[in-house]
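Be aware that the sequence shown starts at 1, since it is given in UniProt numbering, and climbs by one per residue. Each residue gets a CB set at the ideal place from its N, CA and C atoms; glycine is no exception. Predicted model, so just to flag it, every value in this text is computed and none were measured. Here is the structure we will look at, set down as structure tokens.
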Amino acid sequence: MVCASCLIRPHPFPQKRIGKKGAESLLKLSVDLFHPKIKEEEVVVDTTVQEKNITFPTDAKLTKKVIDTCRKIANKEDISLRQSYIRTAPDLLRQASNRKSPRQKKKAVKATRRIRTIGRAMLRDLLRKMNDKQLKPHVDTLLNATSILFQQKYDKDKIYSLHEPHVECIAKGKAHKRYEFGTKVSIAKTRDSGVILGALALPGNPYDGHTIDVVLKQLKRITGTQPDILIADRGYRGEKDFGKTQLLTPSRPSPDDTEYKKRKQRKRFRKRAGIEATISHLKQDFRLGRCFLKGEIGDQINVTLSSATHNLRKWIRFRLELFFNLVYKTHNNMFCGNFNYYTVTLLSKTVF
């Protein structure tokens, strides 16, 4: 007999099979579970950083990675290098990690220079001994390795990981974490019901105000319509009108504004702050805090599926609240004769 599990052969690259469009289709299905009226609500948008699963990049760490990669390529292509540095490189990396120590700083700087010299020599030795046929499958890796070995402190478009070269360094500015290494992502949710309608990875660390067009295009693909009001923070200052959509950011009211309009604006911007909690839940509960999927396509799939899962949990909780309220009503009717049961608060929001 043949085991049934033996006949099921998983796809070697499942994230490539589902792709960005497949992940977005799952997000659309999670949105369609809710009442269609949520698509008519005002939308709140904000950006955050989705960190990549890489170590904190230092010159010594990156160079050690290049040395190990060159050695692996040489073994794979049956190339004999002049020297492998298999014991020297780890010792130099250990010495270079003591840069913060006052007594070891000079030795650490010297070790960093030495390991970078070794990396360049090893890369030149490998390139010199490779023919065109051996070089072809490793071109991208060796180009990234060359950039790592020759990039300087204040260069732009630096590479922070050999296996994830698209990673950006984004300044956070907090005391506990000055920088984050990953990709900027945009999250768009409804103002009142809190359902996530859009989730996008934004490679290249663009200015927040320049991401509105792609966000609106995704919202139209998922909901079939473009929101009338888009609420954002001051990081989106700039252009205000995008077709029929008006972008609102916190600002001083004009002298002509009525008290009603001022109260309405204050309520909008207080509701806007709720997206910060949504982003925190995505990072803590739904794996947006660190992306383990490879490449730019992995960034997009991770943020989209995180948002879809958030919507599914919200939908389940709404259904549970409805169920328990119905149970409470039935219990009161049967045993207490009291019809003043709790109403389903979510029904007032036209979620179902």
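Residues sharing a beta bridge with residue i, DSSP
| i | result |
| --- | --- |
| Arg128 | The partner list for Arg128 (beta bridge, DSSP) is empty, contrary to what the question assumes. |
| Leu230 | Val43 and Leu247 |
| Arg290 | Glu51 |
| Gly198 | Ala188 |
| Cys70 | Paired residue(s): none; Cys70 is not in a bridge. |
| residue 374 | Shown here, the chain extends from 1 to 352; a query on residue 374 therefore has no answer. |
| Glu276 | Glu276 pairs with nothing; no bridge assigned. |
| Glu180 | Ile170 |
Local conformation of residue i per DSSP, three classes
| i | result |
| --- | --- |
| Asp241 | strand |
| Val185 | strand |
| Glu77 | coil |
| Ala175 | coil |
| Ile159 | coil |
| Glu168 | strand |
| Arg17 | helix |
| Lys100 | coil |
| Arg82 | coil |
| Leu33 | coil |
| Arg94 | helix |
| Phe56 | coil |
| Asp256 | coil |
| Asn332 | helix |
| Arg319 | helix |
| Asn302 | helix |
| Asn325 | helix |
| Lys153 | coil |
| Tyr207 | coil |
| Thr225 | coil |
Same chain only: Cβ atoms within 6 Å of residue i, ignoring 5 sequence neighbours per side
| i | result |
| --- | --- |
| Leu92 | Ala111, Arg114 and Ile115 |
| Val44 | Lys189, Arg191, Ile231, Arg272 and Ile275 |
| Lys158 | Gln151 |
| Pro57 | Tyr160 |
Whole-angstrom distance between residue j and residue i, CA atom to CA atom
| i | j | result |
| --- | --- | --- |
| Thr88 | Ala60 | 13 Å |
| Met122 | His138 | 15 Å |
| Glu276 | Thr47 | 9 Å |
| Lys72 | Gln83 | 13 Å |
| Lys264 | Leu312 | 30 Å |
| Lys65 | Glu24 | 35 Å |
| Gln218 | Pro227 | 11 Å |
| Val31 | Ala96 | 51 Å |
| Pro36 | Leu305 | 21 Å |
| Arg317 | Phe324 | 10 Å |
| Thr117 | Tyr154 | 19 Å |
| Gly19 | Lys174 | 34 Å |
| Arg319 | Leu216 | 29 Å |
| Thr69 | Arg270 | 51 Å |
| Pro250 | Ile187 | 18 Å |
| Thr146 | Arg120 | 8 Å |
| Glu42 | Leu248 | 11 Å |
| Asp299 | Tyr260 | 42 Å |
| Pro203 | Glu296 | 7 Å |
| Arg268 | Tyr236 | 16 Å |
| Gln104 | Arg128 | 36 Å |
8 Å contact criterion, which residue i and residue j should meet: CB distance rounded
| i | j | result |
| --- | --- | --- |
| Thr209 | Glu239 | Residue identity differs from the one stated: residue 209 is Gly in this sequence, not Thr. Sure, about 7 Å apart at Cβ, within 8 Å. |
| His310 | His331 | His310 to His331, Cβ: 32 Å. No contact. |
| Leu126 | Leu81 | 7 Å |
| Ser307 | Ile196 | 4 Å |
| Ile38 | Ser193 | 5 Å |
Beta-carbon proximity list for residue i, same chain, < 8 Å, skipping 5 on both sides
| i | result |
| --- | --- |
| Arg124 | none |
| Ile170 | Val49, Tyr179, Glu180, Phe181, Gly182, Lys184 and Asn205 |
| Leu326 | none |
Contact set for residue i: own chain, Cβ-Cβ below 7 Å, skip 5 residues either direction
| i | result |
| --- | --- |
| Arg290 | Glu51 and Asn53 |
| Lys28 | Ile222 |
| Thr245 | Leu216, Gln226, Pro227, Asp228 and Leu230 |
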